[in-house]
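Down below is the structure, laid out as structure tokens.
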Amino acid sequence: MASQAERYKSGVMPYAQMGYWDEHYSPKDTDIIAVFRITPQDGVDPIEAAAAVAGESSTATWTVVWTDRLTACDLYRAKAYRVDPVPGVPGQYFSYIAYDLALFEEGSIANLTASIIGNVFGFKPLKALRLEDMRIPVAYLKTFQGPATGIVVERERLDKFGRPLLGATTKPKLGLSSKNYGRVVYEALKGGLDFVKDDENINSQPFMHWRDRFLYCMEAVNKAAAATGEIKGHYLNVTAATMEDMYERADFAKQLGSCIVMIDLVIGYTAIQSMAKWARRNDMVLHLHRAGHGTYTRQKNHGVSFRVIAKWMRMAGVDHIHAGTVVGKLEGDPNVIKGIYSVCRDSFTKQNFEQGVFFDQDWAGLRKVMPVASGGIHAGQMHQLITYLGEDVVLQFGGGTIGHPDGIQAGATANRVALEAMIKARNEGRDIWNEGPQILAAAAKWCSPLRAALDTWKDVTFNYQSTDTADFVPTATPA
Amino acid sequence: MRITQGTFSFLPDLTDAEIRAQIQYALDQGWAIGVEHTDDPHPRNFYWEMWGNPMFDLRDAAGALSEVLACRKAHGHAYIRVNAFDSTRGFETTRLSFIVNRPVEEPGFLLKRNEVGGRQIQYTIESYAAARAPEGRRYGERTD
Chain A
76 MASQAERYKS GVMPYAQMGY WDEHYSPKDT DIIAVFRITP QDGVDPIEAA
126 AAVAGESSTA TWTVVWTDRL TACDLYRAKA YRVDPVPGVP GQYFSYIAYD
176 LALFEEGSIA NLTASIIGNV FGFKPLKALR LEDMRIPVAY LKTFQGPATG
226 IVVERERLDK FGRPLLGATT KPKLGLSSKN YGRVVYEALK GGLDFVKDDE
276 NINSQPFMHW RDRFLYCMEA VNKAAAATGE IKGHYLNVTA ATMEDMYERA
326 DFAKQLGSCI VMIDLVIGYT AIQSMAKWAR RNDMVLHLHR AGHGTYTRQK
376 NHGVSFRVIA KWMRMAGVDH IHAGTVVGKL EGDPNVIKGI YSVCRDSFTK
426 QNFEQGVFFD QDWAGLRKVM PVASGGIHAG QMHQLITYLG EDVVLQFGGG
476 TIGHPDGIQA GATANRVALE AMIKARNEGR DIWNEGPQIL AAAAKWCSPL
526 RAALDTWKDV TFNYQSTDTA DFVPTATPA
Chain B
220 MRITQGTFSF LPDLTDAEIR AQIQYALDQG WAIGVEHTDD PHPRNFYWEM
270 WGNPMFDLRD AAGALSEVLA CRKAHGHAYI RVNAFDSTRG FETTRLSFIV
320 NRPVEEPGFL LKRNEVGGRQ IQYTIESYAA ARAPEGRRYG ERTD
């Protein structure tokens, strides 16, 4: 390293030489670590590119500034400390960057993300950049509230154990009057679902004002609860233009006795954290619909992986998050989905490269987020869904409930019977992966709604190549 | 109506052999079995009467099933459920809960609507059985 005078001479200097690359750096337990997939422009050295990412996501600008010398600048510089080629993908590299905890404001996703994904994604020397994973130190996690309710408390409040929860999104998602909309909610809940859901873009449109929707939906919820003796819920979407509007809608939902409200990811991290605090104060389960995420999570070379978004959302404090189905109509490689579910549900997530999980993550007692599987799934896939997704998940069959040939109640009953029959069989030691179709067929003998569902959707699958897949196969040795 | 609380209420009533298989599954997970009964099946009646403490030291499904049968003998007119408790850090909660006995006749619930300001309604769910008789006499014979 040059003398301090040389180092701070005015002009431009490679980021690596400015102190943003240190191959000998050993991250501290309190450091935040990020791993980025970088695709440098042709001719740009990957180490310099990694150092540039570290620089631009912490203290650097494009030129040397003397004002660094007024600070403990070595501490504040993020340090790229490792660059590995991505297995089997020429021109791409995983770069590991450590950030000192002093760089971040406590309890603020907005501050964390303003650093980590703030400026750097538009940086010219890189063709593309993707944030693959982060290790959040326990010290930082403890400054976050975490899920307002969490899986354990949600189940205790609902008094529902031992099986996935069942939901559906009201369809058509736009256009129904409030009264007709509530009809769908009632039929689905009475038929056997635990939850019905507003869709992401149901807010307060000309065809249905939010207050009307809330009133009719709560009639449906309570009527279904009385008809079944079970606790029921409808995710009332409180997404709105301003925080004041959202609080007004959430307060009204509470006043009406709803056990759950819903927000969309597009409201932004700060609004999400505000709603999580509101939900904790008001004994409310908070459902997050990940509207918009596909714009930046899906392509492997650029953006933010959904596992990182899931980590941020657990910290921000949501109780439910849409996290993929594997078998449905939306993006979802089985390994990547498993990694995302682990991030939501583990007390301690183990490093698992095959599932895209780059780090051990101690969740420091933060409550667990219930993943939601929604989009193009039906009763005939029950054995696959339980095998892939486990028990702590909400399975949402929208079309698979409302599109049932014998009506919505029958659709809901088909799903509930398929679910209970499969859980019972699994607990009895049956191999549901292989015997699933027979188990369903046996239940369909005495349950005609299930029989009709199986006949209607028996061959529906969505077998397309996943875009977001893990880069590591069990035998590969990166580096 | 049929109250559909619990993990398996949409299936035909479990036979004793099927109950035992579920208990075996819970014991295999390291969970403790508890038996509870009530004649107040309100969905927010979280505290059913315990048929003794959860059986933390009992690892034998036949033994746990015999407690279910004994409870059924004493409270055969009421609802009985089997719970499985998991003490693992991060759970420390019920992991399985299913009804193993129910009254012959289930009258269900009245939805009471209290019309308040504007178009708002305050809802209350009331069990017909609980409203018509004191505890222990709601489903025919004394069950307490």
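Protein chains in written order, with our numbering: chain A, 76 to 554; chain B, 220 to 363. We treat Cβ as the ideally placed atom computed from N, Cα and C, and that holds for glycine. Every value quoted in this text rests on a predicted model; they were computed, and no experiment measured them.
Check this for me: beta carbons of residue i and residue j, under 8 Å apart or not?
i        : j        : result
A:PHE282 : A:HIS309 : no
A:TYR151 : A:LEU178 : yes
A:ALA147 : A:ALA173 : no
A:LEU176 : A:THR476 : no
B:PHE304 : B:TRP250 : yes
A:ALA302 : A:VAL313 : no
A:LYS443 : A:ILE226 : yes
A:GLY414 : A:ARG382 : yes
B:THR226 : A:PHE547 : no
A:ARG205 : A:PHE111 : yes
A:VAL158 : A:PRO121 : yes
A:SER333 : A:THR400 : no
For residue i, which of helix, strand or coil comes out of DSSP?
i        : result
A:GLU294 : helix
A:MET88  : coil
A:VAL401 : coil
A:LEU145 : helix
A:ASN194 : coil
A:ASN278 : coil
A:THR114 : strand
A:PRO160 : strand
B:GLU354 : coil
A:TRP521 : helix
A:GLN513 : helix
A:HIS458 : helix
B:GLU325 : coil
B:MET220 : coil
A:PRO553 : Per-residue confidence for A:PRO553 stands at a pLDDT of 44, beneath the threshold of 50, marking its modelled position as unreliable; no derived number is given.
A:GLN540 : coil
A:GLY257 : helix
A:PHE327 : helix
A:GLY378 : strand
A:TYR83  : coil
B:PHE304 : strand
B:THR362 : Low confidence applies to B:THR362: its pLDDT is 49, below 50, so where it sits in the model is not reliable, and the reading given next is rough at best. B:THR362 falls in the coil class under three-state DSSP.
A:ALA125 : helix
A:PRO289 : A quick correction: the sequence has Phe, not Pro, at residue 289 of chain A. Here A:PHE289 sits in helix by DSSP.
B:LYS292 : helix
A:TYR352 : Position check: residue 352 of chain A holds Lys in this sequence, whereas Tyr was assumed. Note: A:LYS352 maps to helix in three-state DSSP.
A:ALA203 : strand
A:THR244 : strand
B:ARG338 : coil
A:LYS386 : helix
A:VAL227 : helix
A:LYS217 : coil
A:THR136 : coil
Give the DSSP bridge partners of residue i, in chain order.
i        : result
A:PRO446 : A:ILE396
B:ARG314 : DSSP output for B:ARG314 lists no bridge partner at all.
A:LYS235 : Answer is none; A:LYS235 lacks a bridge partner.
B:THR343 : B:LYS331
A:TRP96  : A:ALA155
A:ILE338 : A:LEU363
A:SER170 : A:PHE111, A:VAL158
A:ASN312 : A:MET337
B:ILE299 : B:HIS256, B:ASN320
A:ASP208 : A:VAL110
A:MET283 : A:GLN280
Can you name, in chain order, every residue of its own chain whose Cβ lies under 8 Å from the Cβ of residue i, other than the five neighbours on each side?
i        : result
A:LEU361 : PRO222, ALA223, THR224, ILE335, VAL336, MET337, ILE338, MET350, ALA351, ALA354, GLY392, VAL393, ASP394, HIS395
A:LEU515 : ALA454, GLY455, MET457, HIS458, ALA493, ALA496, MET497, LEU525, LEU529
Excluding the 5 residues preceding and the 5 following residue i in the sequence, name in chain order all residues of the same chain whose CB lies nearer than 7 Å to its CB.
i        : result
B:CYS290 : VAL254, HIS256, TRP270, ILE299
A:ILE184 : TYR344, GLN348, TRP387, MET390, ALA391
A:LYS307 : LEU264, ASP269, VAL296, ALA299, ALA300
B:PRO273 : ALA251, ILE252, GLY253, PHE304
A:GLN220 : ALA351, LYS352, ARG355, GLY392
Using a Cβ-Cβ cut-off of 6 Å (strictly less than) and excluding sequence neighbours within five positions of residue i, which residues of its own chain qualify?
i        : result
A:ALA489 : ALA454, PRO524, LEU525, ALA528
B:ARG239 : ALA280, LEU284
A:ALA551 : Any reading at A:ALA551 must be qualified, since the residue scores a pLDDT of 45, below 50, and its modelled position is unreliable; the value itself is stated next. Contacts found: PRO162.
When you compare the CB of residue i with every CB in chain C, is at least one pair closer than 8 Å?
i        : result
A:VAL227 : Included in the structure are the protein chains A and B, with no chain C among them.
Would you say the beta carbon of residue i is closer than 7 Å to some non-hydrogen atom of the ligand SAH?
i        : result
A:PRO281 : Among the components of this structure there are no ligands whatsoever, and the ligand SAH is therefore not found.
**Asked** What alpha helix (DSSP H) runs, 4 residues minimum, are completely inside the segment 404-441 of chain A?
**Response** 409-420
**Request:** Ignoring anything shorter than 4 residues or poking outside the segment 222-290 of chain B, list the alpha helix (DSSP H) runs there in chain order.
**Result:** 235-247
**Request:** Within the segment 458-498 of chain A, note down every full alpha helix (DSSP H) run reaching 4 residues or more, in order along the chain.
**Result:** 474-477
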